[in-house]
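Enquirer: The sequence shown begins at 22 in my numbering and counts up by one. Take a look at the following structure, please.
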Amino acid sequence: MEEMIFASEQGRVIPKEDKIFGINNRAKAMIAEEGKEKVVNATIGALLDDDGELIVLSSVNDVFKNLSPKEFAEYAPISGTAEFKAAVIKDALRTYEAKGFVEASVTPGGTGAIRNTVANYSDRGDSVLAADWYWSPYGTIASEQGRKVETFAFFNEERKFNAADLKKRAEEILKKQQRLVIILNTPAHNPTGYSLTTEDWTGVKKVLESLPDEKKITLLVDVAYIDFAGDEDEYRSFLPVLEEMPENVLTLISHSLSKAYTLYGMRCGALICIAKTEETAEEFKRVCEFSSRASWSNCPRAPQTILARIYSDPELKAKVFDERKGYREMLLRRGKAFEKAAAECGLEMVPFDAGFFASIPCSNPDKVSARLEKEGIFLVPLAKGLRVSIASVSEQVCCMLPSRILAAMKAEE
Ligand code: PLP
22 MEEMIFASEQ
32 GRVIPKEDKI
42 FGINNRAKAM
52 IAEEGKEKVV
62 NATIGALLDD
72 DGELIVLSSV
82 NDVFKNLSPK
92 EFAEYAPISG
102 TAEFKAAVIK
112 DALRTYEAKG
122 FVEASVTPGG
132 TGAIRNTVAN
142 YSDRGDSVLA
152 ADWYWSPYGT
162 IASEQGRKVE
172 TFAFFNEERK
182 FNAADLKKRA
192 EEILKKQQRL
202 VIILNTPAHN
212 PTGYSLTTED
222 WTGVKKVLES
232 LPDEKKITLL
242 VDVAYIDFAG
252 DEDEYRSFLP
262 VLEEMPENVL
272 TLISHSLSKA
282 YTLYGMRCGA
292 LICIAKTEET
302 AEEFKRVCEF
312 SSRASWSNCP
322 RAPQTILARI
332 YSDPELKAKV
342 FDERKGYREM
352 LLRRGKAFEK
362 AAAECGLEMV
372 PFDAGFFASI
382 PCSNPDKVSA
392 RLEKEGIFLV
402 PLAKGLRVSI
412 ASVSEQVCCM
422 LPSRILAAMK
432 AEE
């Protein structure tokens, strides 16, 4: 660990360089030296076209270019403009009419929504529970706030969602603390691409029903990739289950405009609550506003206006959704191509459904990825395997990657 000079570490482990950005920089350096065609950069968490260029929805870009100065220059209310809040709830829930009390609070991307959840629904020193394959910023967010992430095994030996381990780990943690935030990233989970099935959701419900009812449980569903998993309505079919959770469970949704509207750099998302009582919903608004004020104050107005405009104009909305559908189909083709090539060469994948990423279980990920880097293939080594961004490489590359990964794994055995 690096010694601090002036800064105070406060129990956080602060690396010199973000791991993924570091790998990405090495990929860029190799491209500069050896040319684009020699390098596969499967590290990036953004949807790129087959030439490696960022895809930006032209329909969203048109709205952006037509914003009046006031529509981006003026401060927005801390919890978001009224039009945005109505639009983002629609965007997350679509045709589902929630029975509970639904409120939204704007955040700078899904990241801010996760941050405000941890800040308000867990106590200092608490553990937050996530799957053992998880997006590493969960750990950063928790540690920044004096919490930590503990994990349950995402899959059992039959490669099925492991509700039994979720139950075991939640029970263990709840022996030590009064509250528990559980984060489930689905559909199209990062880093595995897995989506919880209806059966999995029934399992989650049973687990939550079995936990001590005097404890306060917050279930945060991180839906950052929901519009890149497949049919946008079908992939929202789990929403009713969220309202069947017991009284001591509060359901929150972390929504993001980064991927679905290609507004990554505009920093816009929302934390949405589906509360059982009006008091809980009112409290949600109060605590979110306080935390937002203390962390980033108000969020950018421009993306809020963009979403509100899209939802106020059915023709424009259809245009944006159609354009996204075309890119989603491209991404789904890449995923299928990767899965097929992996099956053909005998490369084991972590259960995969759809989305930006797929993962390969591997006992020495650092060594295997270092070997692949020498061959010009850049992946992200995780604790339990390798993450491949299929969002950032072509279908053709998806066909060739599995055998190259397998060969590197065999060479490092
Ligand atoms: N959750 C997961 C699992 C993610 O992978 C991401 C983005 O990479 C996010 C949430 C939110 O991202 P952003 O803050 O850019 O909206």
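We put the beta carbon where it would ideally sit given N, CA and C, even for glycine.
In three-state terms, what does DSSP make of residue 294?
Expert: Within the sequence shown, residue 294 is the residue found at index 273, counting from 1. Look at residue 294 here: in three-state DSSP terms it is strand.
Enquirer: Could you tell me the distance, in whole angstroms, from the CA atom of residue 82 to the CA atom of residue 411?
Expert: One-based indexing of the sequence shown puts residue 82 at position 61. One-based indexing of the sequence shown puts residue 411 at position 390. For residue 82 and residue 411, the distance between alpha carbons rounds to 24 Å.
Enquirer: Is the distance from the Cβ of residue 254 to the Cβ of residue 115 below 9 Å?
Expert: The sequence position of residue 254 within the sequence shown is 233, counting from 1. The sequence position of residue 115 within the sequence shown is 94, counting from 1. Going by C-beta atoms, residue 254 is nearer than 9 Å to residue 115.
Enquirer: Indicate the three-state DSSP secondary structure (helix, strand or coil) for residue 231 in the structure shown.
Expert: Start at 1 with the first residue of the sequence shown, and residue 231 comes out as number 210. DSSP places residue 231 in helix when its eight states are reduced to three.
Enquirer: Which residues mark the beginning and the end of the alpha helix (DSSP H) in which residue 408 is found?
Expert: Numbered from 1 along the sequence shown, position 387 holds the residue referred to as residue 408. That residue, residue 408, is in no alpha helix (DSSP H); its beta strand (DSSP E) goes 406–410.
Enquirer: Quick check: the Cα distance between residue 77 and residue 355, rounded to an integer number of angstroms?
Expert: Here residue 77 is taken as the residue at index 56 of the sequence shown, counted from 1. Here residue 355 is taken as the residue at index 334 of the sequence shown, counted from 1. The alpha-carbon atoms of residue 77 and residue 355 are separated by roughly 18 Å.
Enquirer: Whose CA, out of 123, 333, 41, lies closest to the CA of residue 294?
Expert: Looking up residue 294 in the sequence shown gives position 273. Of the listed residues, the one whose Cα sits closest to residue 294 is 123.
Enquirer: Take the Cβ of residue 87 as the centre, count every other Cβ of all protein chains shown within 10 Å, and call the residue buried at 16 or more, exposed below.
Expert: For the purposes of this step, residue 87 is identified with residue 66 of the sequence shown, where counting begins at 1. Classification of residue 87: exposed, given that the 10 Å Cβ count is below 16.
Enquirer: Use the C-beta contact count for residue 206: other C-beta atoms within 10 angstroms, 16 or more gives buried, fewer gives exposed.
Expert: The residue you call residue 206 lines up with position 185 of the sequence shown. Per the 10 Å Cβ criterion, buried.
Enquirer: Please check the pair residue 263 and residue 238, which I expect to be a contact at CB under 8 Å, by giving their CB distance rounded to whole angstroms.
Expert: Along the sequence shown, one-based indexing puts residue 263 at 242. Along the sequence shown, one-based indexing puts residue 238 at 217. With 8 Å as the limit, residue 263 and residue 238 do not qualify as a contact, their Cβ atoms being about 12 Å apart.
Enquirer: Does the ligand PLP have a heavy atom nearer than 8 Å to the CB of residue 282?
Expert: Along the sequence shown, one-based indexing puts residue 282 at 261. Here the distance from the Cβ of residue 282 to the nearest heavy atom of the ligand PLP is not below 8 Å.
Enquirer: Check whether the Cβ of residue 246 lies closer than 8 Å to any heavy atom of the ligand PLP, and answer yes or no.
Expert: As a working note, residue 246 is residue 225 in the sequence shown. Residue 246 Cβ: within cutoff of the ligand PLP.
Enquirer: Between which two residues does the beta strand (DSSP E) carrying residue 334 extend?
Expert: Within the sequence shown, the letter at position 313 stands for residue 334. No beta strand (DSSP E) holds residue 334; DSSP gives it neither H nor E.
Enquirer: What does a CB cutoff of less than 7 Å around residue 132 pick up in its chain, not counting 5 residues either side in sequence?
Expert: Residue numbering aside, residue 132 sits at position 111 when the sequence shown is read from its first letter. Excluding positions up to five away in sequence, the list reads 158.
Enquirer: Can you tell which of 416, 413, 385 has its C-alpha closest to the C-alpha of residue 429?
Expert: To locate residue 429, count along the sequence shown from 1; it is residue 408. When each option's Cα is compared against that of residue 429, the closest is 385.
Enquirer: Leaving out five residues before and five after residue 389 in sequence, what residues of the same chain have Cβ atoms less than 8 Å from its Cβ?
Expert: Here residue 389 is taken as the residue at index 368 of the sequence shown, counted from 1. Taken in chain order, the residues that qualify are 383, 402, 407, 426, 429, 430, 433.
Enquirer: What number of angstroms, rounded off, separates the C-alpha of residue 220 from the C-alpha of residue 67?
Expert: For the purposes of this step, residue 220 is taken as residue 199 along the sequence shown, with counting starting at 1. For the purposes of this step, residue 67 is taken as residue 46 along the sequence shown, with counting starting at 1. So the two alpha carbons sit approximately 30 Å from each other.
Enquirer: Going by DSSP, what residues sit across from residue 151 in a beta bridge?
Expert: Taking the first residue of the sequence shown as position 1, residue 151 is located at position 130. For residue 151, which the question treats as bridged, DSSP gives the partners 172.
Enquirer: Starting from the C-beta of residue 259, find all residues in its chain whose C-beta is less than 6 Å away, skip the five residues before and the five after it, and write them out in chain order.
Expert: Numbered from its first residue, the sequence shown carries residue 259 at position 238. Same-chain partners within the cutoff: 222.
Enquirer: Can you find the residues in the same chain that come closer than 8 Å, C-beta to C-beta, to residue 92, ignoring five residues on each side of it along the sequence?
Expert: In the sequence shown, residue 92 corresponds to position 71, counting from 1. Only 322, 323, 326 meet the Cβ criterion.
Enquirer: Beta carbon of residue 60, beta carbon of residue 377: below 9 Å?
Expert: Within the sequence shown, numbered from 1, the residue matching residue 60 stands at position 39. Within the sequence shown, numbered from 1, the residue matching residue 377 stands at position 356. No, these two residues do not count as a Cβ contact at 9 Å.
Enquirer: Report yes if the C-beta distance between residue 152 and residue 274 is below 9 Å; otherwise report no.
Expert: The sequence position of residue 152 within the sequence shown is 131, counting from 1. The sequence position of residue 274 within the sequence shown is 253, counting from 1. Not closer than 9 Å, so no.
Enquirer: Give every residue whose Cβ lies closer than 6 Å to any heavy atom of the ligand PLP, listed in chain order.
Expert: The set, ordered by position in the chain, is 66, 130, 131, 132, 156, 206, 211, 243, 245, 277, 279, 285, 290.
Enquirer: May I have the straight-line CA-CA distance separating residue 168 from residue 203, to the nearest angstrom?
Expert: Position 147 of the sequence shown, counted from the first residue, corresponds to residue 168. Position 182 of the sequence shown, counted from the first residue, corresponds to residue 203. If I take the Cα positions, the gap works out to 13 Å.
Enquirer: For residue 35, which three-state DSSP category applies?
Expert: Residue 35 sits at position 14 when you count from the first residue of the sequence shown. Coil, per DSSP.
Enquirer: So, is the C-beta of residue 310 closer than 9 Å to a C-beta in chain D?
Expert: Of the protein chains in the structure, only one exists, and it is not chain D.
Enquirer: Between the Cα of residue 47 and the Cα atoms of 379, 232, 65, 284, which residue gives the shortest distance?
Expert: If you number the sequence shown from 1, residue 47 lands on position 26. Residue 65 holds the alpha-carbon nearest to the alpha-carbon of residue 47 among 379, 232, 65, 284.
Enquirer: DSSP state of residue 250, grouped into three classes?
Expert: Along the sequence shown, read from residue 1 onward, the residue named residue 250 stands at position 229. Of the three classes helix, strand and coil, the one that applies to residue 250 here is coil, per DSSP.
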